[in-house]
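Residue numbers (the numbering used here), protein chains in the order written: chain A, 32 to 270; chain B, 32 to 270; chain C, 32 to 270; chain D, 32 to 270; chain E, 32 to 270; chain F, 32 to 270.
Number of protein chains: 6
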Amino acid sequence: MRPSGRAADELREIKITRHYTKHAEGSVLVEFGDTKVICTASLDRNVPRWLKGTNQGWVTAEYGMLPRATGERNNREASRGKQGGRTLEIQRLIGRSLRAAVDLKRLGDNTITVDCDVIQADGGTRTASITGACVAMIDCLRHMQRNKIIRDDPLKQLIASVSVGIYNGNAVLDLDYAEDSNAETDMNVVMTEKGGFIEVQGTAEGAPFDQDEMDAMLTLARKGINDLLDIQRNALEAP
Amino acid sequence: MRPSGRAADELREIKITRHYTKHAEGSVLVEFGDTKVICTASLDRNVPRWLKGTNQGWVTAEYGMLPRATGERNNREASRGKQGGRTLEIQRLIGRSLRAAVDLKRLGDNTITVDCDVIQADGGTRTASITGACVAMIDCLRHMQRNKIIRDDPLKQLIASVSVGIYNGNAVLDLDYAEDSNAETDMNVVMTEKGGFIEVQGTAEGAPFDQDEMDAMLTLARKGINDLLDIQRNALEAP
Amino acid sequence: MRPSGRAADELREIKITRHYTKHAEGSVLVEFGDTKVICTASLDRNVPRWLKGTNQGWVTAEYGMLPRATGERNNREASRGKQGGRTLEIQRLIGRSLRAAVDLKRLGDNTITVDCDVIQADGGTRTASITGACVAMIDCLRHMQRNKIIRDDPLKQLIASVSVGIYNGNAVLDLDYAEDSNAETDMNVVMTEKGGFIEVQGTAEGAPFDQDEMDAMLTLARKGINDLLDIQRNALEAP
Amino acid sequence: MRPSGRAADELREIKITRHYTKHAEGSVLVEFGDTKVICTASLDRNVPRWLKGTNQGWVTAEYGMLPRATGERNNREASRGKQGGRTLEIQRLIGRSLRAAVDLKRLGDNTITVDCDVIQADGGTRTASITGACVAMIDCLRHMQRNKIIRDDPLKQLIASVSVGIYNGNAVLDLDYAEDSNAETDMNVVMTEKGGFIEVQGTAEGAPFDQDEMDAMLTLARKGINDLLDIQRNALEAP
Amino acid sequence: MRPSGRAADELREIKITRHYTKHAEGSVLVEFGDTKVICTASLDRNVPRWLKGTNQGWVTAEYGMLPRATGERNNREASRGKQGGRTLEIQRLIGRSLRAAVDLKRLGDNTITVDCDVIQADGGTRTASITGACVAMIDCLRHMQRNKIIRDDPLKQLIASVSVGIYNGNAVLDLDYAEDSNAETDMNVVMTEKGGFIEVQGTAEGAPFDQDEMDAMLTLARKGINDLLDIQRNALEAP
Amino acid sequence: MRPSGRAADELREIKITRHYTKHAEGSVLVEFGDTKVICTASLDRNVPRWLKGTNQGWVTAEYGMLPRATGERNNREASRGKQGGRTLEIQRLIGRSLRAAVDLKRLGDNTITVDCDVIQADGGTRTASITGACVAMIDCLRHMQRNKIIRDDPLKQLIASVSVGIYNGNAVLDLDYAEDSNAETDMNVVMTEKGGFIEVQGTAEGAPFDQDEMDAMLTLARKGINDLLDIQRNALEAP
């Protein structure tokens, strides 16, 4: 039995709200159950210095959590004077994943920065961030096409992300905090519409995991990501 | 005429949503028109080192903005490695204002940290923060009483805050960004229920202001703060 | 009775010594009683990046205290690795005040940086800094005219600053440390020669203050600032 | 054909030199071909604050590269003032992997810090680090037993790590820099003696990878890790 | 001929003003010609952690320059966020020199921090700092004896410091900025009353120097330091 | 008797291994007994901003120690977020010394950065670094000539460095850690082939030292440096 009563292959309630804040070119509130992340995509008509002259754009991401997004208040990274290792690791993962979804050559001399800010955390903030960030980025790409900043759609494929893990000896999908903090193994998977893997990051928190467990987890991940892709597509159909 | 079409003494639409996120002892979404701030009050059963043994609690505040809360994306303070001068100035103001509302001696050996995080900015983020933070702090004080952490209510008085300014030669209440960025004078006022001033911070952005303009602004501030106090009281009546 | 025996509307002994150090284009030692601040104005034949091409100059300020300017030694900000919130707040105030005194368009592509370094503190360091910095800046403007760097005098008006407060229930002018640390209310005022307000920053340290107290304080401030302006004018008459 | 002429399932020449420097409780030079890493294990008779009183020890890792370990000189992290995201990500991975190899409860109130410093880089620095760090840690554990600091051996199992990837469409083992910088997919695997997975981190650098490719890579990884475990065991047999 | 017209073995005009600021236990303005440094000695009734329980006190120093102490304005170290290498090198030298003058065992569990802040620089700021800091420290030691904080005088000997160098092929004493910036060799010497060397730091800025030049410089240094010691003794005779 | 049994004028066993790592233009492992330092010289086809347009190159150095190069582990400077004062002092010394060996005008618009990283410390790390860095720099200069980056050899002279000190009342050469930590006086000397002094830095750790002791130390230094120069020349004769 999962703490939430969900079936092993059941996602939490997923919501994607577009146009959540008014200034950004793309702005999404993504909810994986009680995990809530604001993803905004900002267009910068410029590229990082090391890309100048290469005729290629860039997509990058930053990640943060409000200090009291969690059960215990965490010190504010801005006031501690640096981003922690976990934060840097997550934002590198989000950026890599998003870049896998677009053809950077079609972006022109432009940079899209996607900020993923967790306002409430209940497990799976990085997978929710990637899933929401992809939608926010697409809204930004549409803005760029509408405004003739780019001609062709740089989107190669939708991507989505979900966590899977071994909890009480069973493979389960989309772990919430109650499961995540007690899971034997935790694996984050990023996949494309066509079923390809972008990222697979599995960590044994307690006992090592074996090939069978990995296969069981990946099967669940594939199922969950298909569900998430449908939710993304639905959200993107609205204007 | 104001850009928003409001009367000179008219607040924007104000909303205070309590219990906005689930982990914090007090959590409020405060909206002054399009300015939206999440204020969470976190209880720490401890006091700063310099207060140990004084039998007195502490209230402090931190302030932040999501990078794309504004029209142009700002660099994330956590990634730049420090909070800017404006941020520090605002969080010092919020903290001082909140401490004026409570009897620290009745707080016991406890610290309340109120985080004010702007998710969308349209002028007046510091006055909205103070107004919302006061409600979040009160929810935290109620939590402490319910859980027998403190016996007596430390609240001395409600406080609220509003901006006033001289725009196109006229005194106006509760400036939004369109006014704020063009105002000749900008003044932030924090007041108590009994009509006392906690903070008055007026700055001539262009021409100096005179005593008559100051009086006109303070009259508007008094009116606006009374309206805000009513909205706070209404919000606090619900369970 | 004030601790210093001064009348309620009496400034401390004020001294302004020009040409205090030899390298700077403007260099002033300003003394408000035992509060002593070195204000130097440095000319940079350049403007910040965000002003390039706007045909407008800039004036900015930095503030510091020697570690043992105060009764207890404070850690050196350079060795702690950052300027504190109080420091940033004060230097922002000084810079804003000075910019109100000059026509930036007449400065050409030049920046004036005024450093205010407190070598001995006894209350009122920010008001002494502004009052002295204005004189140092004027010496720098004269240097620029003498050296044909600019043609017209960019000075719009003299500015000066003084603190007022409520001490033992009475409004008093120019608080020293003994009063400042016990005042119910502390207000810093920056005014021009023509009697306009540039900044009014009042803070209730204990009980809130009311309109009558504010009026009493502002009356004292006006008187004190007129005295300070006379002292500035006298100092500036010498070569 | 691989650039090095190796077979797809062939490791580079691996060397593990124990007692490489004289001060550390464990000191290993590990070489994966031209990748050379000094791994030192340092004993601290203490635990981090958050572990005090839990009767449990700790193992942690730090990672660095000499500035010119690589083809182009990188800025020194100590002089830039912070460790980069890649560095933090790698040292978190090494620490997690090592903790999976020991029973922290048997460590007593002691911390082992393993420093992995790359003196020459040619791809695979993180997998070489983990493989060498495990041996250095074991020398430190032996030191602790010899000196009666702990009674029972905390080692649960040997761990080793290797990279696998898809290069020119084929799965290959232990990528060197020439392959790594052109691989379509790069996967780092950490495994135990008993064949369990500790970490699996696969990233599509170009095209997404599919289940078949993942299976091919994991098969190679299993083979390579068995070879590495033999080399570790041989090295550990010497006194 | 020296730019200042001084003889080769002639010091600049030296002034030592005690009781320069009012808060510090020792406060000295030291002037070596146009080089002016405020040296304050602050007593802390405590020792650094690594000295606790050793029954030994500590003396340390910090050094700074006002941004416009020099011909060109330097960035403020507090705002750049770190002390530069030159600053750290100088303050380490001052601290080491002062510690050579006292018997730390007689200091009790106390720390003296001497802050040397250059308000005007014209060469030789480190030698002026050491010479003035020694006097400020002695005033602090006297304060401690007067207030029965320590019983015996910890002072072992006076120390003073001067620079010597090779300028235009000749050995010269106490270089000012005009000489210092063109000297072939620059040497800073710290000596005791009894003629012993505490520090000798010679650097060839252009051509290497030979033994004869070193001997000539040391002879001048000995002469200059004897003059400085007389000036220190005179200053210390006043109450 | 010295702890190592060496004669007073006897160096430790010195080894210079060129081509130690494969990427750098110059790479040397230098060993002074158990002190081992990797010195790499990296060519950058560029000059610092303040040298642009002066037709002059630059040589600079950075210094670091692996955390466990010493008997007790030191915190990693990269993770503490800054280089300590000792590190900065040493790398400034190395850079100044190397610049004395070359004619910067003959370097063209190029910068050579020499990194000295101590992998094992047993006293004298700065003198070993300078001695090894000179050889690494020369290999870089040869690389530049071979590749027609520069035409003429910028090397003016070989330099080498050694420490001398007063240990148990006697002058000794090339102190190891056992001596260094107990020496009354410690002096680091940098000299050229022609016998000129580049740097002399003597510090009395306990009692002051006198002229006779200085002379004795400098005689030893001269002898030691001649031996080191021979070893450098031998090393440089190989291809």
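Every residue, glycine too, gets a C-beta built ideally from N, C-alpha and C.
Because the structure is a prediction, the values reported are computed rather than measured.
Legend entry - Amino acids of chain C, ordered along the chain, whose beta-carbon sits closer than 7 Å to that of T234/B: R127, E230
Legend entry - Validate contact between the segment 88-96 of chain A and the segment 123-136 of chain A using beta carbons, cut 8 Å, 3 pairs: yes
Inset, instruction - Below 6 Å CB to CB, which residues in the same chain sit around S160/B once its five sequence neighbours on both sides are set aside? - result: V68, I125, C147, listed in sequence order.
Inset, instruction - Kindly say whether T156/B, judged by its beta-carbon, lies nearer than 9 Å to any beta-carbon of chain A. - result: With 9 Å as the cut-off, T156/B does not count as an interface residue toward chain A.
Legend entry - is_contact[R123/D, chain A] using C-beta, thresh 9 Å: yes
Legend entry - is_contact[E268/F, chain D] using C-beta, thresh 9 Å: no
Inset, instruction - Give me whichever residues DSSP pairs with G196/D in a beta bridge. - result: V203/D, D217/D
Legend entry - Where Q114/C falls: helix, strand or coil (DSSP): coil
Legend entry - Contact under 9 Å by Cβ, D65/B with K83/A: no
Legend entry - Cβ neighbours of D205/B in the same chain (closer than 7 Å, five flanking residues each side left out): L42, R43, F63, G155, V193, S194, G255
Legend entry - beta strand (DSSP E) segment containing D146/B, residue limits: 142-151
Legend entry - D40/E versus E108/E, I197/E, D184/E, E215/E, residue with shortest Cα-Cα distance: I197/E
Inset, instruction - State yes or no: is the beta carbon of D227/F nearer than 9 Å to at least one beta carbon in chain E? - result: The question names Asp, but residue 227/F is Gly in the sequence shown. Yes, G227/F lies at the interface with chain E (some Cβ there is under 9 Å from its Cβ).
Inset, instruction - Work out the CA separation of A55/D and D183/D for me, nearest whole Å. - result: 21 Å
Inset, instruction - Would you list, in chain order, the members of the segment 90-115 of chain F that have their beta-carbon closer than 7 Å to a beta-carbon of chain E? - result: Those would be K113, in chain order.
Legend entry - Candidates V231/C, K225/C, P239/C, E224/C, of which the one nearest E228/B by Cα: Here residue 228/B turns out to be Phe, not Glu, going by the sequence shown. Nearest of V231/C, K225/C, P239/C, E224/C to F228/B, Cα basis: P239/C.
Inset, instruction - For S212/E, count neighbouring Cβ atoms within 10 angstroms of its own Cβ and tell me buried if that reaches 16, exposed if not. - result: exposed
Inset, instruction - Taking 9 Å as the cut-off, decide whether the C-beta atoms of L189/D and T158/D are in contact. - result: With contacts defined by Cβ atoms closer than 9 Å, L189/D and T158/D do not form a contacting pair.
Legend entry - Candidates N77/C, Q263/C, T71/C, of which the one nearest T162/C by Cα: Q263/C
Legend entry - CB contact below 9 Å: D170/A versus chain B: no
Inset, instruction - Check whether the Cβ of R117/E lies closer than 9 Å to any Cβ atom in chain F. - result: yes
Inset, instruction - Mind checking which residues open and close the beta strand (DSSP E) that includes L60/C? - result: 57-63
Legend entry - N141/E beta carbon less than 9 Å from that of I181/E: In this structure, I181/E lies near N141/E, with their beta-carbon atoms less than 9 Å apart.
Legend entry - Neighbour list for A55/F in chain H, Cβ cutoff strictly below 7 Å: The structure shown contains no chain H; its protein chains are A, B, C, D, E and F.
Legend entry - Cβ-Cβ distance between V231/B and V59/B below 9 Å: No, the pair does not count as a contact, with Cβ atoms beyond the cut-off.
Legend entry - Under 8 Å from the C-beta of D241/E: neighbouring residues of chain F: Those are G226, G227, F228, listed as they occur along chain F.
Legend entry - Exposure label - R80/C; buried when at least 16 CB within 10 Å: exposed
Inset, instruction - Return the Cβ separation of L302/E and A191/E in integer angstroms, given the expectation that the two are a contact with Cβ distance under 8 Å. - result: Coverage of chain E is limited to positions 32 through 270, which leaves residue 302/E absent and any answer about it impossible.
Inset, instruction - Could you pull out every residue in the same chain whose Cβ sits closer than 7 Å to the Cβ of C171/F, ignoring the five residues on either side in sequence? - result: For C171/F, same chain residues with a beta-carbon under 7 Å away, outside a window of 5 residues either side, are E56, G57, A72, L74, I143 in chain order.
Inset, instruction - Going by CA-CA distance only, name the one from N201/B, A152/B, V221/B, E244/B that's closest to A235/C. - result: V221/B
Inset, instruction - Consult DSSP for R177/C and reduce its assignment to one of helix, strand or coil. - result: helix
Legend entry - E244/B: CB within 8 Å of a non-hydrogen atom of the ligand ATP: Within the structure as shown, the ligand ATP is missing, as the structure has no ligands at all.
Inset, instruction - Measure the Cβ-Cβ separation of G233/B and D243/B and say whether it is below 9 Å. - result: no
Inset, instruction - Taking only beta-carbon positions, decide if I282/A is within less than 9 Å of chain B. - result: Residue 282/A lies beyond the stretch modelled for chain A, which goes from 32 to 270, so this question has no answer here.
Inset, instruction - Whole angstroms is fine: what's the gap from N265/D's alpha carbon to G116/D's? - result: 35 Å
Legend entry - Option in M245/B, T250/B, L251/B, V145/B with minimal Cα separation from L249/C: M245/B
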